[in-house]
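Just so you know, we're using the numbering used here here: the sequence shown kicks off at 16 and counts up by one. Let me begin by presenting the structure, written as structure tokens, before commenting on it.
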Amino acid sequence: MASRRGVLKIGSAALLLTAAGSAAAWALTRAPKAAQAPWDAAAKGFGDARLDALAYAILAPNPHNMQPWRVRLTGEDAFTLHADPARLLPETDPFSRQIVIGFGAFLELFRQAAAEKGARAEIALFPEGEPKPYLDARPIAHVRLVADSSAPRDPLFGHALARRTNRNPFEKRAVDATILERIKSAAVPGVFADAVADAARLAEVKKLADDAWRIEWGLDRTRRETIKVTRVGRREIEENPYGIALAGPLLEALGGLGVLTRENMDDPDSTAYEQTLANYSAAIVATPAFLFSITSTNTRADQIEAGRSWVRMQLAAAGEGLAFHPLSQALQEFPEMEEPYRRAHALLASGGGIVQMLARVGYAGDAPPAPREPLAARLLKG
Ligand SMILES: Cc1cc2nc3c(=O)[nH]c(=O)nc-3n(C[C@H](O)[C@H](O)[C@H](O)COP(=O)(O)O)c2cc1C
Numbered sequence: 016m017a018s019r020r021g022v023l024k025i026g027s028a029a030l031l032l033t034a035a036g037s038a039a040a041w042a043l044t045r046a047p048k049a050a051q052a053p054w055d056a057a058a059k060g061f062g063d064a065r066l067d068a069l070a071y072a073i074l075a076p077n078p079h080n081m082q083p084w085r086v087r088l089t090g091e092d093a094f095t096l097h098a099d100p101a102r103l104l105p106e107t108d109p110f111s112r113q114i115v116i117g118f119g120a121f122l123e124l125f126r127q128a129a130a131e132k133g134a135r136a137e138i139a140l141f142p143e144g145e146p147k148p149y150l151d152a153r154p155i156a157h158v159r160l161v162a163d164s165s166a167p168r169d170p171l172f173g174h175a176l177a178r179r180t181n182r183n184p185f186e187k188r189a190v191d192a193t194i195l196e197r198i199k200s201a202a203v204p205g206v207f208a209d210a211v212a213d214a215a216r217l218a219e220v221k222k223l224a225d226d227a228w229r230i231e232w233g234l235d236r237t238r239r240e241t242i243k244v245t246r247v248g249r250r251e252i253e254e255n256p257y258g259i260a261l262a263g264p265l266l267e268a269l270g271g272l273g274v275l276t277r278e279n280m281d282d283p284d285s286t287a288y289e290q291t292l293a294n295y296s297a298a299i300v301a302t303p304a305f306l307f308s309i310t311s312t313n314t315r316a317d318q319i320e321a322g323r324s325w326v327r328m329q330l331a332a333a334g335e336g337l338a339f340h341p342l343s344q345a346l347q348e349f350p351e352m353e354e355p356y357r358r359a360h361a362l363l364a365s366g367g368g369i370v371q372m373l374a375r376v377g378y379a380g381d382a383p384p385a386p387r388e389p390l391a392a393r394l395l396k397g
């Protein structure tokens, strides 16, 4: 096994050099443009206020990019929002807490986009009751758009198309405390946001995030949940524009060579398995600051508010020129994660409450827009 791994590593290094030289050409010819088209579609609009705001809502951050939203348009000005049961993450997110956070981000972007067009979004959350402990067929929200030129426009909306999840290692450069304060202040009332930027606590949170990541990647069932929705290279991403996209010249080349495949990622003796583990760990180490958020209780409505705060903080970070990368492993609620979960709460929420988000922030090179399914694909018919 060791020699096989050695061969693959040499191959990878050679490819890295070749691929680095051709990154610009790749961006022109091999970027999964069709899967990124919904970002342009939102900018252009459809000429209908409700669809125009929904076009921004589907750009919301969401776990594993599962895009679990299903939208049933009702009448001329309303819609009902449902969770697609085929797009949940039962292993890593058994109670769909993170999925609901993604819906909170969706509704916040809808609200902001509507206000931009002189409309108010009237949002009734969980109109048939909060589904607990698991999501069910009951709606997440009923939403109605009401023309209202007094609906205040939100300056954060200006960053909606620039917002990215950026998994690159970040520069050493520290993040100014005043910038962290401004980002924290983007959270909505009821969600407490804070930052970690001093050396001793940074080290503790990095260790926590890395320990938790090793548990998630090391367990067959949680790793496989990710691998199942991992797309390698342009063709796979465009065929299925949801899930985790591995794009870029190097990854695409490794995919073409059969080094980076889903099968190899699942083999603990392979380079693909090891490199995935190592790349995420390397990113965790290269972190000058963390942001986190807490709610005092953990109702579905709290999770929605946490999601609204999440995207607002991420938009604020984008506005500050900061890269933003959530690290959710230690906050996950499956049994093997119990120790890091407890440690996360002792470290970050010693006064009580539920930690809803943990993200690294810092300075880094750009990340590409993540794939999205077109809005039409998430509209329920009939
Ligand atoms: C609740 C939640 C948890 C997330 N957790 C992680 C995580 O642990 N690691 C990660 O790399 N990305 C995480 N993400 C980011 C998503 O993978 C990302 O939003 C999605 O792939 C779409 O990409 P985009 O944010 O660039 O549009 C999370 C997002 C949300 C909303």
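The beta carbon of each residue, even a glycine, is placed where N, CA and C say it ideally should be.
### Message
Using a 10 Å radius around the Cβ and a threshold of 16 neighbouring Cβ atoms, would you call Ala331 buried or exposed?
### Response
Translated into positions along the sequence shown, residue 331 becomes position 316. So Ala331 counts as buried.
### Three-way DSSP call (helix, strand, coil) for Arg387 in this model
Within the sequence shown, residue 387 is the residue found at index 372, counting from 1. DSSP, reduced to helix, strand and coil, places Arg387 outside both helices and strands of the structure shown, so it counts as coil.
### Segments assigned beta strand (DSSP E), at least 3 residues, entirely inside the segment 231-288
Here the runs fully enclosed are 245-247, 259-261.
### Query
To which residues of the same chain is Thr291 closer than 8 Å at the C-beta, ignoring the five residues directly before and after it?
By 1-based counting over the sequence shown, the position of residue 291 is 276. Around Thr291: Trp232, Met280.
### Query
Is Gly117 near Pro154, with beta carbons less than 8 Å apart?
Here the question's residue 117 lines up with position 102 in the sequence shown. Here the question's residue 154 lines up with position 139 in the sequence shown. The Cβ atoms of Gly117 and Pro154 lie no closer than 8 Å to each other.
### Query
Quick one: is Val376 buried, meaning 16 or more other Cβ sit within 10 Å of its Cβ, or exposed?
Locating residue 376 in the sequence shown gives position 361, counting from the first residue. Burial call: buried.
### Where Val211 falls, given that 16 or more other Cβ within 10 Å makes a residue buried
On the sequence shown, position 196 is the one that residue 211 refers to. By the beta-carbon neighbour count (other beta carbons within 10 angstroms, threshold 16), Val211 is buried.
### Task
Tell me Gly377's beta-bridge partners as DSSP assigns them.
Stepping through the sequence shown from its first residue, residue 377 is reached at position 362. Paired residues: Ala338.
### Message
Taking 7 Å as the limit between beta carbons, can you name the residues of its chain near Gly36, skipping five residues before and five after?
### Response
Start at 1 with the first residue of the sequence shown, and residue 36 comes out as number 21. Here the model assigns Gly36 a pLDDT of 39, short of 50, so the residue's position is not dependable and the matter cannot be decided.
### Query
Is any heavy atom of ligand 1 found at a distance shorter than 7 Å from the C-beta of Asn77?
On the sequence shown, residue 77 is found 62 positions in, with the first residue counted as 1. Correct: Asn77 has its Cβ closer than 7 Å to ligand 1.
### Message
Could you check whether the Cβ of Ser343 sits closer than 7 Å to any heavy atom belonging to ligand 1?
### Response
The residue you call residue 343 lines up with position 328 of the sequence shown. Because some heavy atom of ligand 1 lies under 7 Å away, the Cβ of Ser343 counts as near it: yes.
### Own chain residues within Cβ distance below 7 Å of Pro167, not counting five before or after
Taking the first residue of the sequence shown as position 1, residue 167 is located at position 152. These residues qualify, in order along the chain: Ala130.
### Query
For Ala202 versus Ala208, is the C-beta distance shorter than 8 Å?
Taking the first residue of the sequence shown as 1, we reach residue 202 at position 187. Taking the first residue of the sequence shown as 1, we reach residue 208 at position 193. Result yes, Cβ atoms of Ala202 and Ala208 sit closer than 8 Å.
### Query
How about Gln113: is its Cβ closer than 7 Å to a heavy atom in ligand 1?
The count along the sequence shown starts at 1 and reaches residue 113 at position 98. Yes - ligand 1 has a heavy atom lying nearer than 7 Å to the Cβ of Gln113.
### Message
What does the alpha-carbon distance come out to for the pair Ile194 and Ala333?
### Response
Position 179 of the sequence shown, counted from the first residue, corresponds to residue 194. Position 318 of the sequence shown, counted from the first residue, corresponds to residue 333. Near 11 Å, if we compare the C-alpha coordinates of Ala333 and Ile194.
### Message
Does Glu353 pass the burial test, meaning 16 or more other C-beta atoms within 10 Å, or should it be called exposed?
### Response
Counting from one through the sequence shown, the residue named residue 353 turns up at place 338. Here Glu353 is exposed, its C-beta having fewer than 16 other C-beta atoms within 10 Å.
### Message
Can you tell me where the alpha helix (DSSP H) holding Lys67 begins and where it ends?
### Response
Against the sequence shown, residue 67 aligns to sequence position 52. It is Asp, not Lys, that sits at residue 67 in the sequence shown. Asp67: member of the alpha helix (DSSP H) spanning 64-72, first to last residue.
### Task
Hey, could you find the ends of the alpha helix (DSSP H) Phe121 is sitting in?
For the purposes of this step, residue 121 is taken as the residue at position 106 of the sequence shown. Following the DSSP letters along the chain, one finds Phe121 inside the alpha helix (DSSP H) bounded by residues 112-131.
#### Entry: Secondary structure of Ala49, DSSP reduced to three states
The count along the sequence shown starts at 1 and reaches residue 49 at position 34. Helix, per DSSP.
### Task
Take Arg358 as the anchor and find which of Phe305, Gly258, Gly273, Lys222 has the nearest alpha-carbon.
Here residue 358 is taken as the residue at index 343 of the sequence shown, counted from 1. Of the listed residues, the one whose Cα sits closest to Arg358 is Lys222.
### Query
Hey, is Gly117 close to ligand 1, as in C-beta under 7 Å from one of its heavy atoms?
Stepping through the sequence shown from its first residue, residue 117 is reached at position 102. Yes, since a heavy atom of ligand 1 falls inside the 7 Å radius drawn around the Cβ of Gly117.
### Task
Compute the Euclidean distance between the alpha carbons of Arg135 and Ala162, then round it to the nearest angstrom.
For the purposes of this step, residue 135 is taken as the residue at position 120 of the sequence shown. For the purposes of this step, residue 162 is taken as the residue at position 147 of the sequence shown. In this model, Arg135 and Ala162 are separated by some 6 Å (Cα to Cα).
### Query
Who are the Cβ neighbours of Ala301 in its own chain at under 6 Å, not counting the five residues just before and after it?
Locating residue 301 in the sequence shown gives position 286, counting from the first residue. Around Ala301, the same chain offers Pro184, Phe185 as residues with beta carbons nearer than 6 Å, after the five sequence neighbours per side are excluded.
### Message
Along the chain, where does the alpha helix (DSSP H) containing His360 start, and where does it finish?
### Response
What you label residue 360 is simply residue 345 of the sequence shown in a count that begins at 1. Its alpha helix (DSSP H) spans residues 353-363.
#### Entry: Beta carbon of Thr180 nearer than 8 Å to that of Ala385
The sequence position of residue 180 within the sequence shown is 165, counting from 1. The sequence position of residue 385 within the sequence shown is 370, counting from 1. A contact, by the Cβ cut-off of 8 Å.
#### Entry: Any non-hydrogen atom of ligand 1 closer than 7 Å to Asn80 Cβ
For the purposes of this step, residue 80 is taken as residue 65 along the sequence shown, with counting starting at 1. Correct: Asn80 has its Cβ closer than 7 Å to ligand 1.
### Query
Under 7 Å from any heavy atom of ligand 1, does the C-beta of Thr302 make it?
Here residue 302 refers to the residue found at position 287 when the sequence shown is read from its first residue. Outside the cutoff, so no.
#### Entry: Thr310: CB within 7 Å of a non-hydrogen atom of ligand 1
By 1-based counting over the sequence shown, the position of residue 310 is 295. No, Cβ of Thr310 sits at least 7 Å from all heavy atoms of ligand 1.
### Query
Relative to the alpha-carbon of Phe61, which residue among Ala49, Trp325, Ala128 has its alpha-carbon at the smallest distance?
Position 46 of the sequence shown holds residue 61. Of the listed residues, the one whose Cα sits closest to Phe61 is Ala128.
### Message
Taking the beta carbon of Glu123 as the centre, do at least 16 other beta carbons fall within 10 Å, making it buried, or is it exposed?
### Response
The residue given as residue 123 occupies position 108 in the sequence shown. The C-beta of Glu123 has 16 or more other C-beta atoms within 10 Å across all chains shown, which makes the residue buried.
### Query
For Leu104, which option in His79, Ala298, Trp325, Gly173 has the closest C-alpha, if you only look at C-alpha atoms?
Position 89 of the sequence shown, counted from the first residue, corresponds to residue 104. Nearest option by C-alpha distance: His79.
### Query
Does DSSP classify Met328 as helix, strand or coil?
Locating residue 328 in the sequence shown gives position 313, counting from the first residue. Of the three classes helix, strand and coil, the one that applies to Met328 here is helix, per DSSP.
### Query
Should Tyr463 go down as buried or exposed, given a rule of 16 or more other Cβ atoms within 10 Å for buried?
Residue coverage of the chain in this structure runs from 16 to 397, which leaves residue 463 outside it and unanswerable.
### Message
If you follow the alpha helix (DSSP H) that Thr89 is in, where does it begin and where does it stop?
### Response
Here the question's residue 89 lines up with position 74 in the sequence shown. Premise fails: Thr89 lies in the beta strand (DSSP E), 84-89, not in any alpha helix (DSSP H).
### Task
Check the DSSP bridge columns for Arg315 and list the partner residues they point to.
Here residue 315 corresponds to residue number 300 of the sequence shown, with the count starting at 1. Under the DSSP definition of a beta bridge, Arg315 lacks any partner.
### Arg126 CB to nearest heavy atom of ligand 1 below 7 Å
Numbered from 1 along the sequence shown, position 111 holds the residue referred to as residue 126. Relative to ligand 1, Arg126 has its C-beta separated by 7 Å or more from all heavy atoms.
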